[in-house]
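Numbering (the working numbering), first residue to last: 845 to 1045.
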């Protein structure tokens, strides 16, 4: 097995690398450099976290399966991560090497490695987003804002993209929250993905 580690903390990445280098099943393990330099040819897995998952992947990582290292994100945040990113497995920092290798094997066989609590959160997240009927109550501008939120943009970035003020974005978001009866941005992600898909099709 060949592994590339790309984490927000170099110290944590280095510790994980050293642990993996002592594991016979793992033949190569490297830390992705800040310049995107990969020292492993066609790795099997990329271990990433909330700080690095949105970064553009170097071409050499195109086929690598993504394992997300969860530091204790909320259920909504995890559900949002799963929906908006291609994640093949989720692990926590306290996972032992035996379980990590088992996860790698399952992922290699085409399975997704996620614990039951996170699956339940994902199902609840989807259930709370029965959105096709509700979406009709949103204005065109509100729909655009929901799409931008689902792509992880901040209010400032949305304002810049839509050529409106940041305060106007906040006003629209408050209106969206009231119309859809939601309280968090992450709850808008499934609707944003659906609206984006409707635009493409």
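Note that beta-carbon positions come from the ideal geometry of N, C-alpha and C, so glycine has one too.
A contact between stretches requires three or more CB pairs, one per stretch, nearer than 8 Å, and the stretch 865-876 fails this requirement with the stretch 913-925. If you look at residue 849, you'll find it isn't in any alpha helix (DSSP H); it sits in the beta strand (DSSP E) that goes 846-850. In the DSSP secondary-structure assignment, residue 933 is bridged to 911 and 957. The Cβ neighbour count for residue 909, taken over all protein chains shown within 10 Å, is at least 16; the residue is labelled buried. Burial check for residue 1007: the Cβ neighbour count within 10 Å stays below 16, so the residue is exposed. By DSSP's assignment, residue 872 forms a beta bridge with 846.
Ranked by how close their Cα comes to the Cα of residue 877, the residues 856, 850 and 891 have 850 in first place. For residue 854, the enclosing alpha helix (DSSP H) has its first and last residue at 854-865.
It is roughly 11 Å from the alpha-carbon of residue 953 to the alpha-carbon of residue 946. Residue 889 is not a Cβ neighbour of residue 926, given a cutoff of 7 Å. In this model, residue 866 and residue 992 are separated by some 44 Å (Cα to Cα).
In the three-state DSSP reduction, residue 928 falls in the helix class (H, G or I). Its chain contains 849, 873, 874 and 875 as the residues whose beta carbon lies nearer than 8 Å to that of residue 861, once the 5 sequence neighbours on both sides are disregarded; these appear in chain order. Here residue 852 is near residue 896, since their CB atoms are less than 7 Å apart.
Across the set 936, 904 and 923, the C-alpha of 936 shows the shortest separation from the C-alpha of residue 856.
In the displayed model, residue 1021 falls within a helix according to three-state DSSP. Taking all protein chains shown into account, residue 981 has fewer than 16 neighbouring C-beta atoms within 10 Å of its C-beta and is therefore exposed. Per the coordinates, the alpha-carbon of residue 985 lies some 42 Å from the alpha-carbon of residue 887. For residue 1006, the enclosing alpha helix (DSSP H) has its first and last residue at 999-1006. One alpha carbon belongs to residue 962, the other to residue 1027, and they sit about 20 Å apart. The closest CA to that of residue 930, considering only 957, 1010, 939 and 938, is found on 957. Beta-bridge analysis with DSSP links residue 1032 to no other residue.
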